[in-house]
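Encoded as structure tokens, the structure appears first; notes follow it.
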């Protein structure tokens, strides 16, 4: 404050030098990145021209080949199985990772497991799984289960950490065992959000299950990839339309499931 | 069931949250027989800490808490949970599980007695369900049994809280500021429900209370705490201006 009783705007909204440096820094980095990647206007025009010709090959989409449906069904199965198994594994890990229920050393170990599961994109895990257990749906299930454990584990443990401890305190005061505290104190408080996480996870697995096939881990992705390699673009378009349909069905299903469990 | 000779003996109880700064400094108390014992004292003097040390929601630093032949201060694991079953607790903010129904909240008083698998499937004994419903009827909430706890008003929630505590068939009922979040009229109603239910089930009650008048009206014994020590222990009648000054300090507030 300058003098008694008198204040000026600068007392409350002082200019931040650090913030200005940050803005300039971000702009400079963007310019540098564009320059080193050779992202010139000419290159963009050239790319767009090629893209238009490529997209023209998509039409009309071809749905007649017989390996679309089995591929889609396999993707669906991979998605649901991995969501189920992943969630089942994630629940105990999330409880162990919640810092308000567990001593620090336990929650740290559980958090490391979750961080490990989240570190890799499902496709990277799928590549490793294909090497480990061979081509096919099993590798895809392993890859997406891995991702599900990380995703549901992280969100559920955070949801548990945000619950009201007063309700827990009251349940503990009745002499309830730890499992009863979970059943009556924790579960009611996180159930709604948990259903949301699982629905989202299943939805996301549905999308990812169409992709792990690209590296040979089962599902429609494998069909898609081989169609690409054959330059069979109208068939590619057919598969893509089917995938979009599948994901949309998943979206509708998710709304319905949430309504049932509310 | 609890007997009239229920006895809680606290000896030299000390609680330090920060080493060297005790909140409770050497508390010794005996709670015998039935009736209500009210603990009064200024905020931050350790009333809640004292109550929570008894059922070990807070771990005491040192001292002894004898109850039904066990030193509560030294228990852990299953023996501690078994001891807690015998001590009901009513909370300032009711602490109901908001997303469970009123009935489920009352039945949660039995959680010390049933396995997780039984509790999860809500397969409580028929006798427990009958008792829970009778308690709900008794506190005037029979029509609310299937409502979710978060649909209830403050006074209704506290009635459920009391029913849950009595559902434990406790040998002692602890109440931590049970009326502090309620309006004056509801406060009186809650005190009466608690007094009557405790009397009907022969449960001695130990209650922290801010409203001195309510304490004097319903308690047979008043314990005045100040600075982590007991500075008054006696009949409500003995609580005169001098003693209130000693408990709360100052005197300007007494004028009104």
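Protein chains in written order, with the working numbering: chain A, 10 to 271; chain B, 7 to 262. No residue lacks a Cβ here, since even glycine has one placed at the ideal position from N, Cα and C. Small disclaimer: the values here were computed from a predicted structure and weren't measured.
**Study point:** 7 Å CB neighbourhood of residue 244(A) in its chain, flanking five on each side removed
**Key:** Here residue 244(A) is taken as the residue at index 235 of the first chain, counted from 1. Within the same chain, residue 244(A) has close Cβ partners 71, 74 and 236.
Review point. Is residue 23(B) helix, strand or coil when you go by DSSP?
Key: Counting from one through the second chain, the residue named residue 23(B) turns up at place 17. Correct three-state label for residue 23(B): strand.
Exercise for review: Measure how close the beta-carbons of residue 99(B) and residue 187(B) come, nearest whole angstrom, since I'm counting them as under 8 Å.
Suggested key: Position 93 of the second chain, counting from 1, holds the residue named residue 99(B). Position 181 of the second chain, counting from 1, holds the residue named residue 187(B). Contact holds; Cβ gap of about 6 Å.
Review point. Taking just the CA atoms, how far does residue 102(B) sit from residue 163(B)?
Key: Locating residue 163(B) in the second chain gives position 157, counting from the first residue. Locating residue 102(B) in the second chain gives position 96, counting from the first residue. Going by C-alpha positions, residue 163(B) is about 7 Å away from residue 102(B).
Review point. What are the boundary residues of the alpha helix (DSSP H) that includes residue 131(B)?
Key: Within the second chain, the letter at position 125 stands for residue 131(B). Careful: residue 131(B) lies outside any alpha helix (DSSP H) and carries neither H nor E.
Practice item. Compute the beta-carbon to beta-carbon distance between residue 226(A) and residue 156(A), rounded to the nearest angstrom, for a pair I have assumed lies under 8 Å. Key: Locating residue 226(A) in the first chain gives position 217, counting from the first residue. Locating residue 156(A) in the first chain gives position 147, counting from the first residue. Between residue 156(A) and residue 226(A) the Cβ distance is about 12 Å, and since that is not below 8 Å, they are no contact.
Point to revise | residue 36(B) - partner residues in DSSP beta bridges | key: Counting from one through the second chain, the residue named residue 36(B) turns up at place 30. According to DSSP, residue 36(B) bridges with 15(B).
Review point. Does residue 76(B) get closer than 8 Å to chain A when you measure Cβ to Cβ?
Key: In the second chain, the residue the question calls residue 76(B) occupies position 70. Under the Cβ distance rule, residue 76(B) does not count among the residues neighbouring chain A, no pair being separated by less than 8 Å.
Check your understanding: Nearest-angstrom Cα distance between residue 247(B) and residue 260(B)?
Key -> Counted from its first residue, the second chain places residue 247(B) at position 241. Counted from its first residue, the second chain places residue 260(B) at position 254. Residue 247(B) and residue 260(B): Cα-Cα distance of roughly 7 Å.
Point to revise | Same chain, Cβ closer than 6 Å to residue 126(A), five either side skipped, listed in chain order | key: Along the first chain, read from residue 1 onward, the residue named residue 126(A) stands at position 117. 155, 158 and 159.
Check your understanding: Candidates 232(A), 234(A) and 166(A): which alpha carbon is nearest residue 124(A)'s?
Key -> Residue numbering aside, residue 124(A) sits at position 115 when the first chain is read from its first letter. Nearest option by C-alpha distance: 166(A).
Point to revise | Boundaries (first-last residue) of the alpha helix (DSSP H) holding residue 87(A) | key: Counting from one through the first chain, the residue named residue 87(A) turns up at place 78. Here the alpha helix (DSSP H) through residue 87(A) covers 77-106.
Point to revise | Cutoff 8 Å: residue 10(A) Cβ touching any chain B Cβ | key: Locating residue 10(A) in the first chain gives position 1, where the first residue counts as 1. Low local confidence applies: a pLDDT of 46 at residue 10(A) is under 50, so the model's placement there is unreliable, with the coordinate-based value given in what follows. Residue 10(A) does not count as touching chain B.
**Study point:** CB contact below 8 Å: residue 101(B) versus chain A
**Key:** Locating residue 101(B) in the second chain gives position 95, where the first residue counts as 1. Chain A contact via Cβ: present.
**Study point:** C-beta atoms of residue 245(B) and residue 228(B) nearer than 8 Å
**Key:** Here residue 245(B) corresponds to residue number 239 of the second chain, with the count starting at 1. Here residue 228(B) corresponds to residue number 222 of the second chain, with the count starting at 1. Yes. Within cutoff.
Check your understanding: When we look at the beta-carbon of residue 103(A) and count the other beta-carbons within 10 Å, is it buried (16 or more) or exposed?
Key -> Taking the first chain and counting its residues from 1, the one referred to as residue 103(A) is at position 94. Flag for residue 103(A) reads buried.
Review point. Out of 232(B), 165(B), 240(B) and 257(B), which has the shortest C-alpha to C-alpha gap to residue 50(B)?
Key: Position 44 of the second chain, counting from 1, holds the residue named residue 50(B). When only C-alpha atoms are compared, the closest one is 232(B).
Point to revise | Contacts of residue 175(A) in chain B (Cβ-Cβ under 8 Å) | key: By one-based count along the first chain, residue 175(A) stands at place 166. The contact set of residue 175(A) on chain B, defined by CB atoms closer than 8 Å, consists of 97, 99 and 101 in chain order.
Check your understanding: In chain A, which residues lie with their C-beta within 8 Å of the C-beta of residue 122(B)?
Key -> Taking the second chain and counting its residues from 1, the one referred to as residue 122(B) is at position 116. Per Cβ cutoff of 8 Å: 186, 188, 189, 191 and 192.
**Study point:** First and last residue of the uninterrupted beta strand (DSSP E) at residue 70(B)
**Key:** One-based indexing of the second chain puts residue 70(B) at position 64. Run containing residue 70(B): 68-73, per the beta strand (DSSP E) assignment.
**Study point:** Short Cβ contact (8 Å threshold) for residue 88(A) with residue 232(A)
**Key:** For the purposes of this step, residue 88(A) is identified with residue 79 of the first chain, where counting begins at 1. For the purposes of this step, residue 232(A) is identified with residue 223 of the first chain, where counting begins at 1. No, these two residues do not count as a Cβ contact at 8 Å.
Practice item. Just tell me which of 20(B), 81(B) and 142(B) has its CA closest to the CA of residue 53(B). Key: The residue given as residue 53(B) occupies position 47 in the second chain. Comparing Cα positions, the closest option is 20(B).
Review point. Does the region 68-75 of chain B come close enough to the region 128-147 of chain A that 3 or more CB-CB pairs lie under 8 Å?
Key: no
Point to revise | Rounded C-alpha distance that separates residue 120(B) from residue 187(A) | key: Sequence index remark: in the second chain, residue 120(B) carries index 114 (1-based). Sequence index remark: in the first chain, residue 187(A) carries index 178 (1-based). One C-alpha to the other measures close to 12 Å.
Review point. Cα-Cα, which of 160(B), 199(B), 147(B) and 202(B) is closest to residue 189(B)?
Key: Within the second chain, residue 189(B) is the residue found at index 183, counting from 1. Nearest option by C-alpha distance: 160(B).
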